[in-house]
Amino acid sequence: MRFSENIASDCVTSWGISVPLLRVALFAPKPEERARIIREKICKHIDGVVEAIENEVNSEVKELTISLASAWIRYYVFKLEALTNSGKFNFALNLLSPNSPITSFKNHWRNAIDVYKKFPNNVAKPIMVEDELMLQEWVRGKPLSDFKEGDIFIDEEGAKKCIPLTSKILYKLNKAGYIYKPWDDYELMLRDNEVVFLDVTRFVRKKIRDEDFLDFYFGVPFTSPDIIKLSRYPRDPSFSLYWRGVSEKDYLGASRDEYIKLFMEGVESARSAQEFR
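If you're matching positions, the sequence shown starts at 961 in our numbering and goes up one per residue.
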């Protein structure tokens, strides 16, 4: 098993910007200490990881290479490349961050499996779980963060297409009895004209009324609804950092009216699909 030198990085690229990790999300102050802790945590579970991979691909694992893909307040995401007798396969290996709001991946496993079974094209497949570690399918596609560099959209037309795709699956998810939250510090993937949820710890059992659906998710997929709501009804001056008087298009991916139109197109598409079942 080989670990890339970047596993101890204290900086990640998010929405086109290089972002330093918060101190509370670091395993240790010094890179060499962080690398040691990460290696130890992964190695502790590696036998179970290898077994899960071999069961998934039906082939013996010969070599593993692990590199840091991204890091969030909730958990780190490592790209695990598995060389097997049948070829090379990639997986996402998630490791809880220090001070993560998630106490155990196992607490979210039942919801993750249930949602994946209902929407296999829209969820990164959960494969194996421990309290502090989870193995998932590695999704090949375009991260929605690639549509932006900071507050600037670099592919406006492509971004607009993501709005109805997102509201469509969220509406279906709601009808199945789930919401997706929180929307801060997250990533979605666009694959084969479908939006794919990567973080399966955000599926919460709850159903919202149709008349509240737009307001509940207003801002997705490019801005957290909580940030937009707080900007409209400011309670804390610090939230002005997220709303600097620029156009709403920089946050929504379209003008407000066009965003609502595209959002509702996705909802109507989901409703029509259900009517013809």
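Virtual Cβ for every residue (Gly too), placed ideally from N, Cα, C.
Only exposed fits V1164, as fewer than 16 other CB atoms lie within 10 angstroms of its CB.
Excluding the 5 residues flanking it on each side, V1037 has same chain C-beta neighbours closer than 6 Å at A1029, S1030, A1052 and N1054, in chain order. With three or more CB-CB distances shorter than 8 Å, the segment 1117-1132 counts as touching the segment 1152-1160. Between the alpha carbons of D1170 and E1020 lies a gap of roughly 48 Å. Assigned with DSSP and collapsed to three states, R1100 falls in coil, not helix or strand.
Residue nearest to E1090 within the set E1023, K1166, R1070 and S1105 is R1070 (criterion: CA-CA distance).
For R994, the enclosing alpha helix (DSSP H) covers residues P991 to K1004. Relative to the Cα of Y1076, the nearest Cα in the group R999, V1160 and I1002 belongs to V1160.
A distance of 7 Å or more separates the beta carbons of L1212 and L1148. In this structure, the alpha-carbon of S1215 lies about 14 Å from that of I1112. In the structure shown, the three-state DSSP call for T973 is strand.
At a cut-off of 3 residues, the continuous stretches assigned as beta strand (DSSP E) that sit fully inside the segment 1075-1128 are 1086-1089 and 1093-1097. In this structure, DSSP gives Y1036 an extended state, which the three-state scheme calls strand.
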